[in-house]
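Visitor: With numbering that gives the first Met the number 0, the residue at position 74 of the sequence shown is 73, and numbering never jumps.
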Amino acid sequence: MTDPGIPKVLELYRNFARFPMGKWLFSKLVCLRAPYFSSIAPRFAELGPGAALVTMRNRRRVRNHIGTVHAIAICNLCELAAGTMTEVSMPRGMRWIPKGMTVEYLAPAKTSLRASATIPGPVVFGDAFELPVSTEVTDRHGTVVVRAVIRMWISPRKTSGKPISEGA
Numbered sequence: 000m001t002d003p004g005i006p007k008v009l010e011l012y013r014n015f016a017r018f019p020m021g022k023w024l025f026s027k028l029v030c031l032r033a034p035y036f037s038s039i040a041p042r043f044a045e046l047g048p049g050a051a052l053v054t055m056r057n058r059r060r061v062r063n064h065i066g067t068v069h070a071i072a073i074c075n076l077c078e079l080a081a082g083t084m085t086e087v088s089m090p091r092g093m094r095w096i097p098k099g100m101t102v103e104y105l106a107p108a109k110t111s112l113r114a115s116a117t118i119p120g121p122v123v124f125g126d127a128f129e130l131p132v133s134t135e136v137t138d139r140h141g142t143v144v145v146r147a148v149i150r151m152w153i154s155p156r157k158t159s160g161k162p163i164s165e166g167a
């Protein structure tokens, strides 16, 4: 049964996560909806209001000329974690879009990676506002390789402006 208070993406994640391979399948569905993310073959490990953890393997297709994970692939991972976490943290009547990203490259990324996205404390949703989402990417050894802050523009969803007919 659909709970109108729970964001649809969060409800979908929770339903899939209960089953073996459910998080893998959820990750594939997200990439079908936003195909560019499939370039990093992400896997959702955790997803909930205010926090997300998404992983990616160090594979040849995401490496640069010096053999480390390419900076833009890491930014892709950051945006996926931050965007999906933002989606499941908002009421259904709101929408988001990335407005900007500030990135710090702290160490070479030589292993598989984990991106953790969080928002600063409780958020009051209403009118349009900018929400900074912090993302930290660590390697297999726990070394922080990237820190990013993605500025999300949050606003109420636009309505069609058409009156709702009775009986519809």
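For glycine and all other residues, C-beta sits at the position ideal for the given N, C-alpha and C.
1. Mark D126 as exposed unless 16 or more other C-beta atoms lie within 10 angstroms of its C-beta, in which case mark it buried.
2. State the start and end residues of the unbroken beta strand (DSSP E) segment that holds Y104.
3. Taking the DSSP output, what are the residues bridged to P48?
4. State buried or exposed for A51, treating a residue as buried only when at least 16 other CB atoms are found within 10 Å of its CB.
5. Restricting to runs no shorter than 3 residues, where is the beta strand (DSSP E) found entirely within the stretch 31 to 79?
6. Between the beta-carbon of W152 and the beta-carbon of E129, is there less than 8 Å?
7. Based on Cα-Cα distance, which residue from M100, K157, M55, A81 lies nearest to D138?
8. Mark R58 as exposed unless 16 or more other C-beta atoms lie within 10 angstroms of its C-beta, in which case mark it buried.
9. Whose C-beta lies closer than 7 Å to the C-beta of L24 among residues of the same chain, with five residues either side of it excluded?
10. By how many angstroms is the C-alpha of M93 removed from the C-alpha of K157?
11. Rounded to whole angstroms, what's the CA-CA distance from M89 to F124? Just pull it up for me.
12. Can you have a look at T101 and say buried or exposed, based on whether 16 or more other CB atoms are within 10 angstroms of its CB?
13. Can V145 and L105 be called in contact, C-beta distance under 8 Å?
Guide: According to the structure data:
1. To locate residue 126, count along the sequence shown from 1; it is residue 127. Flag for D126 reads exposed.
2. As a first step, residue 104 is located in the sequence shown; it is residue number 105 there, counting from the start. Looking at the DSSP string, the run of the beta strand (DSSP E) that includes Y104 is 93 to 104.
3. Sequence index remark: in the sequence shown, residue 48 carries index 49 (1-based). Bridge partners of P48: none, in fact.
4. By 1-based counting over the sequence shown, the position of residue 51 is 52. So A51 counts as buried.
5. Within the stretch 31 to 79, complete beta strand (DSSP E) segments of at least 3 residues are found at 42 to 47, 50 to 55, given in chain order.
6. Residue 152 sits at position 153 when you count from the first residue of the sequence shown. Residue 129 sits at position 130 when you count from the first residue of the sequence shown. Cβ atoms of W152 and E129: closer than 8 Å.
7. For the purposes of this step, residue 138 is taken as residue 139 along the sequence shown, with counting starting at 1. D138 has its Cα closest to that of M55, out of M100, K157, M55, A81.
8. As a first step, residue 58 must be located in the sequence shown, where it is residue number 59. With fewer than 16 other Cβ atoms from the protein chains shown falling within 10 Å of its own Cβ, R58 counts as exposed.
9. Position 25 of the sequence shown, counting from 1, holds the residue named residue 24. Counting only Cβ-Cβ distances below 7 Å, and skipping sequence neighbours, we find F15.
10. As a first step, residue 157 must be located in the sequence shown, where it is residue number 158. As a first step, residue 93 must be located in the sequence shown, where it is residue number 94. Approximately 9 Å between the Cα atoms of the pair.
11. The sequence position of residue 89 within the sequence shown is 90, counting from 1. The sequence position of residue 124 within the sequence shown is 125, counting from 1. If you take the alpha carbons of M89 and F124, they lie about 7 Å apart.
12. Mapped onto the sequence shown, residue 101 falls at position 102. Classification for T101: exposed.
13. Numbered from its first residue, the sequence shown carries residue 145 at position 146. Numbered from its first residue, the sequence shown carries residue 105 at position 106. The answer is yes: Cβ separation under 8 Å.
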